[in-house]
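Right, one structure below, let's go through it.
Number of protein chains: 4
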Amino acid sequence: MTAFYHPIRIYYEDTDAGGVVYYANYLKFFERCRTEWLRAMGHNQTDLLAAEDIVFVVKSVSADYKRPARLDDSLEAGLRLTHLGRAQLQFDQWVDRLNTDGTRETLVTGSVKLACVNLKTLRPVPIPDWLHGQLQPSDAP
Amino acid sequence: MTAFYHPIRIYYEDTDAGGVVYYANYLKFFERCRTEWLRAMGHNQTDLLAAEDIVFVVKSVSADYKRPARLDDSLEAGLRLTHLGRAQLQFDQWVDRLNTDGTRETLVTGSVKLACVNLKTLRPVPIPDWLHGQLQPSDAP
Amino acid sequence: MTAFYHPIRIYYEDTDAGGVVYYANYLKFFERCRTEWLRAMGHNQTDLLAAEDIVFVVKSVSADYKRPARLDDSLEAGLRLTHLGRAQLQFDQWVDRLNTDGTRETLVTGSVKLACVNLKTLRPVPIPDWLHGQLQPSDAP
Amino acid sequence: MTAFYHPIRIYYEDTDAGGVVYYANYLKFFERCRTEWLRAMGHNQTDLLAAEDIVFVVKSVSADYKRPARLDDSLEAGLRLTHLGRAQLQFDQWVDRLNTDGTRETLVTGSVKLACVNLKTLRPVPIPDWLHGQLQPSDAP
């Protein structure tokens, strides 16, 4: 599997009094991208909950902030699955800006580790086989 | 019952690129004040859910924005219960700024109507008697 | 002018522990729709700030909550310009759900009043002629 | 300097449809704690901006999620300054829950690196001497 991208537009709600996007909000963009990646494979999290009683929870996240995004910016959130375990997933994630001159620059890079857990117990459970078989980590870039 | 107040401090998360508090966030401050008012009577929403299977949902809200709040401002959210029905509550709510010179000015005023609903059906149910008896709308100001 | 629509997808960030979209977040959806309406006319707020030193600020908002939106829902935010003054704009705004069976239902309706203000003084100023000429309130539905 | 703590209460705005606090929101709690730490030394960010034209921006963040926080939880955000450079600061940060039985458990731990930058250029500048002299990294625990 190659990288997956999801477009993000910056609104007032995303910005702060520094005139830039608030640092916690890139984690929202990361999550939107993971959700759309899952949806692009034909799944959504509501159905996974209902059918399998599982939910993916974030175990750890890291982010490096290189350049700020601003109001009205047109961004793309990207991800690449880097590790697929029995009950865990790991992603490289990033946010790029699509400049009006056609160039693209990376604003934030990060890494996110998810665990598959039972909704009731919140304890780790294996990713269901039918879903595990569909997920494939990327080859090295 | 007289007015109830809850302190609010403004952080970066609350502001937007206009340099002021984002307009939707005053509804968060309204809710914090309602929650603390309920807690001051000895209740919290988690317990109401667990014990009674009820939850209060917002039916309508209005807000008038008079002056903007800014980063580091010290505010107070206030409320007054104006109507108590069998399954509904109505509040006047507002947010004041406490200025460093000791003066106070009103930034936002509003009104919120809540319904008591069953958690499962989301249909209106009467406010439990023991709670209804504790709630008293304010006299006219 | 007829109604303008902007698609909204519901992510975890939009929901709360009640399992539904948090009530303040519909005001974000209202704002995204106003921003995209302006952009569809060829303007964005960053340019208006830079070129004219003006910003639109919300003077008042009201919202009626009819049905809750949930995780993964596909919504549309809509608006209709209902009043155009020299320094003020008023909109009817709403959020519909696009159900998977092809039906559509209205979840939230509201009304928003904006003022055009100078960025430095935050005092009302006339909407620039070139922009005012482009804006046309809707005829009655 | 020893650890610094700031109380956090969980409201509906902080939670998501999983019934727990949304993962990005712990970064808000981290920031509230850094802001209150600075304020406890007699400074606020608005004044630093006005007096020195400087702002602290986040360069990187990491977080490990151990246990979820829930609605109505009473938390404490903590920090310890671990590195003080000419233009950079590094913190260990964490969020604990204060249980009703008097026990305390750590929910999230993390690390944050800040740079002192000029507000206009967004380029790194030395932390002003008078402020640098006041900041002292903690001794090893």
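Protein chains in written order, with the numbering used here: chain A, 1 to 141; chain B, 142 to 282; chain C, 283 to 423; chain D, 424 to 564.
The beta carbon of each residue, even a glycine, is placed where N, CA and C say it ideally should be.
Listed in chain order, the beta strand (DSSP E) elements of length 3 or more contained wholly in the stretch 312 to 383 of chain C are 336 to 347, 356 to 366, 370 to 380. For Y12/A, the three-state secondary structure derived from DSSP is helix. When CB distances to chain C are screened at a threshold of 8 Å, the residues of the stretch 425 to 438 of chain D falling below it are Y435, E436, T438, in chain order.
In the DSSP assignment, L413/C falls within the alpha helix (DSSP H) that extends over 411 to 414.
Within chain C, Y294, E295 have C-beta atoms less than 7 Å from the C-beta of Y445/D, given in sequence order. If the five residues before and after E387/C are omitted, its C-beta is found closer than 6 Å to the C-beta atoms of R379, all from its own chain and listed in chain order. Per the Cβ contact rule, the stretch 434 to 452 of chain D is in contact with the stretch 164 to 176 of chain B (3 or more Cβ pairs under 8 Å). In the same chain as L507/D, and ignoring 5 residues on each side of it, the C-beta atoms closer than 6 Å to its own belong to L558, P560, in chain order.
Contacts with chain C at 8 Å (Cβ-Cβ) do not include Q88/A. G392/C: member of the beta strand (DSSP E) spanning 386 to 400, first to last residue. Looking at the backbone, the Cα of A285/C and that of P7/A are separated by about 25 Å.
At a cut-off of 8 Å between beta-carbon atoms, K489/D makes no contact with chain B.
Among the residues of the stretch 32 to 61 of chain A, those with a Cβ less than 8 Å away from any Cβ of chain D are V55, V57, V58, K59, S60, V61, in the order of the chain. Looking only at T223/B, G160/B, V196/B, the smallest Cα-Cα distance to R264/B is reached by V196/B.
Here Y26/A carries a helix assignment [DSSP, helix/strand/coil]. The DSSP-derived three-state label of V444/D is strand. Exposed is the label assigned to K543/D, since fewer than 16 other Cβ atoms lie within 10 Å of its Cβ. For T385/C, the number of other beta carbons within 10 angstroms of its own is below 16, and it is reported as exposed. Contact annotation: the stretch 30 to 42 of chain A does not touch the stretch 177 to 190 of chain B, with fewer than three C-beta pairs closer than 8 Å. Counting only residues of its own chain and dropping the five nearest sequence neighbours on each side, K207/B has a CB closer than 8 Å to the CB of T247, L248, V249, T250.
Under a 10 Å Cβ-count criterion, A333/C is classified as exposed, with fewer than 16 other Cβ atoms of the shown protein chains found around its own Cβ. Counting other Cβ atoms within 10 Å of its Cβ, D439/D reaches 16 or more and is therefore classed as buried.
Excluding sequence positions up to five before and after Q93/A, its CB lies within less than 6 Å of the CB of F30, L79, G110, V112, all in the same chain and listed in chain order. About 34 Å separates the Cβ atoms of T523/D and L212/B, ruling out a contact at the 8 Å cut-off. Just so you know, the alpha carbons of W412/C and R368/C end up roughly 12 Å apart. At a beta-carbon threshold of 7 Å, none of the residues of chain C lie near D101/A; the nearest stands roughly 16 Å away. Counting only the Cα atoms, V480/D lies some 31 Å from G441/D.
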